[in-house]
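One structure is given here, and the rest of the page talks about it.
Numbering (our numbering), first residue to last: 1354 to 1928.
Listed below in structure tokens is the structure:
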């Protein structure tokens, strides 16, 4: 029996992981990988950190070369080689060698498509000007670094507030550049809800980043009189003009499906390649993985695009198993992701409130702000945590975490709980590692479960930050139970101040013909107050997340309106 000939279009995460897995399963197969760029396997998630200098050695980004793939795996990797046509009936591909322009025809027994995605480029005048860059591969960042080193001035405009845009903002700032960040939506990092993104907005402004939200770019123009710009002047819809010596276009990505469309493969409604749970396309001899494919959202069951490195690697492994005759399934993705922005870390898993509202799914949301570890041990930092769940079943819909310490481990625990099908009630019972430097006897994840349990058991009715903005004072009253000193640092307009310690003695000051919404700093003391008032016959709700969540939401323009009916934009790129 002759060796099978397996062709792979594209490297990086999905293609390279599939190639290596195929070799481990089939020593006799001839594996040929085609990559139209100069590098077959590189760490694209590390590109912003190379621009900023945190990753100092360029070679550290190169995970494999054609030589190393051959030496270790006997995989034939051909760079600067583009597959331009698939003949499904003949089971061949037409390949163009970019250095010479010559073409060849290559037969296959199995074909894997891992073409990735392409950056969204704005249909605006001037984006092709010198000094305007996307960030998708090593040649891109080589050009960015070369341009920056040649610039006398140091003003950058980053267009797009997704993962790459935020990471590039951080890294340009690290190199001492003045940075403006422009986002057409009312918030950065779209997977977060607006009140959680508010923490990132606050951090950006505190670091001196010139932040423009809800204000899209309308043109990239020549400098006018009195304006100096090495790249262009970025004009916004509001009329703002931002002179830039370098412009980073980070507007998200679209699936690269040119080859699949030409081959007549089925595409999904979102524009990605449609695959089954074995990652097989509509052609039984062709598989597809990575940014170019549509996969099932494991929470909602709907098709989604999720350009993340972790899912792409797992998809490569699953596709390789199936190509080699070992039945394996890719059930879908959970959308778990994380970002560092200066001193903050933001992570999420599952779906957000914007999505639940858009789909009409029933949910309850709780916010809390526990410490990253035991408060008596030095260095504890507050963690903003939002958990979304089904009000009747307790099913976990998703979670978002923002803070300066301990965010990654809480996101990972919540992602594991989500995938395991745990309810929020089960979060309260998780036995997690505890010692004062690392956590608390009640970990933030445990506390989130307990807060959700209190809601599900009817011990407290939550009020949300966006409801406070629209309160009718004839029907409801906000009572602030913090100390006078805390209140001097900021307050909810129209709220009445009764410290928790005085609440029982001052019940007579509260109206019984109106609903009482109690608030504190984070929601814990207001929960205590809600229980007191409930047992004294008041109609009461607890402002979940209280002042900290309410104030963070105010960092996002039009946060409440955006939460209730925001539209989705392009998929945020993530290496």
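Each residue gets a CB set at the ideal place from its N, CA and C atoms; glycine is no exception.
Can you check DSSP and say which residues form a bridge with residue i?
i, result
"residue 1895", "1815 and 1871"
"residue 1386", "1361 and 1430"
"residue 1445", "1440 and 1460"
"residue 1820", "Answer is none; residue 1820 lacks a bridge partner."
"residue 1739", "1720 and 1753"
"residue 1830", "1869"
"residue 1417", "1394"
"residue 1570", "1589"
"residue 1530", "DSSP, once it has assigned bridges, lists no residue as partnering residue 1530."
"residue 1608", "1470"
"residue 1657", "1648"
"residue 1699", "1692 and 1755"
"residue 1845", "Paired residue(s): none; residue 1845 is not in a bridge."
"residue 1494", "None; residue 1494 has no bridge partner."
"residue 1748", "1776"
Hey, does residue i have any beta-carbon neighbour from chain B nearer than 7 Å?
i, result
"residue 1762", "Looking at the structure shown, chain B is missing, and only one protein chain is on hand."
Looking at the secondary structure, which residues open and close the alpha helix (DSSP H) in which residue i lies?
i, result
"residue 1524", "1516–1527"
"residue 1791", "Premise fails: residue 1791 is in no alpha helix (DSSP H) and is neither H nor E."
"residue 1554", "1547–1559"
"residue 1836", "Residue 1836 -> no alpha helix (DSSP H), and no H or E assigned at all."
"residue 1375", "1367–1378"
"residue 1681", "It is not in any alpha helix (DSSP H) - residue 1681 carries neither H nor E in the DSSP assignment."
"residue 1780", "1777–1780"
"residue 1709", "1706–1712"
"residue 1760", "1760–1773"
"residue 1628", "Taken as a continuous stretch (DSSP letters only), residue 1628 belongs to no alpha helix (DSSP H), as it is neither H nor E."
Quick check on the burial criterion: 16 or more other C-beta atoms within 10 angstroms. Buried or exposed for residue i?
i, result
"residue 1886", "buried"
"residue 1647", "buried"
"residue 1668", "buried"
"residue 1442", "exposed"
"residue 1638", "exposed"
"residue 1501", "buried"
"residue 1409", "exposed"
"residue 1412", "exposed"
"residue 1889", "exposed"
"residue 1729", "exposed"
"residue 1746", "exposed"
"residue 1688", "buried"
"residue 1917", "exposed"
"residue 1715", "exposed"
"residue 1812", "exposed"
"residue 1629", "exposed"
"residue 1365", "buried"
"residue 1752", "buried"
"residue 1706", "buried"
Excluding the five sequence neighbours on either side, which residues of its own chain have a C-beta within less than 6 Å of the C-beta of residue i, listed in chain order?
i, result
"residue 1540", "1547, 1550 and 1909"
"residue 1928", "Low local confidence applies: a pLDDT of 46 at residue 1928 is under 50, so the model's placement there is unreliable, with the coordinate-based value given in what follows. The answer, listed in chain order, is 1397, 1398 and 1662."
"residue 1557", "1564"
"residue 1374", "1670 and 1673"
"residue 1450", "1434"
"residue 1738", "1721, 1754, 1797 and 1801"
"residue 1445", "1458 and 1460"
"residue 1567", "1539 and 1910"
Skipping 5 residues on each side, what residues in its chain have a beta carbon closer than 8 Å to that of residue i?
i, result
"residue 1477", "1570, 1571, 1572 and 1573"
"residue 1542", "1514, 1515, 1516, 1519, 1550, 1553, 1692, 1699 and 1925"
"residue 1423", "1429 and 1430"
"residue 1750", "1652, 1703, 1704, 1709, 1714, 1716, 1741, 1742 and 1743"
"residue 1846", "none"
Could you check where the beta strand (DSSP E) with residue i kicks off and where it finishes?
i, result
"residue 1563", "1563–1566"
"residue 1914", "Note, residue 1914: premise wrong, no beta strand (DSSP E); alpha helix (DSSP H) at 1912–1918."
"residue 1720", "1717–1721"
"residue 1649", "1646–1649"
"residue 1595", "1594–1597"
"residue 1690", "1690–1694"
"residue 1640", "1639–1641"
"residue 1733", "Unbroken run through residue 1733: none, as it is neither H nor E."
Please report the Cβ distance between residue i and residue j, rounded to the nearest whole angstrom; I am assuming they are in contact, meaning their Cβ atoms lie under 8 Å.
i, j, result
"residue 1821", "residue 1851", "No, residue 1821 and residue 1851 are not in contact; Cβ-Cβ is about 17 Å, not under 8 Å."
"residue 1564", "residue 1534", "5 Å"
"residue 1833", "residue 1872", "5 Å"
"residue 1615", "residue 1438", "6 Å"
"residue 1934", "residue 1496", "The structure shown does not extend to residue 1934, since the chain is modelled only from 1354 through 1928, so no value can be given for it."
"residue 1416", "residue 1640", "About 22 Å separates the two Cβ atoms, so there is no contact after all."
"residue 1731", "residue 1724", "Rounded, the Cβ-Cβ distance is 11 Å, inconsistent with contact."
Please return the same chain residues whose Cβ sits closer than 7 Å to the Cβ of residue i, not counting the five positions on each side in sequence.
i, result
"residue 1479", "1572, 1573, 1574 and 1585"
"residue 1904", "1843"
"residue 1528", "1405 and 1406"
"residue 1879", "1834, 1871, 1872, 1873, 1895, 1896 and 1899"
Compute every distance between the C-beta of residue i and the non-hydrogen atoms of the ligand ADP, then say whether any falls below 6 Å.
i, result
"residue 1535", "Absent from the structure shown: the ligand ADP. Ligands present: none."
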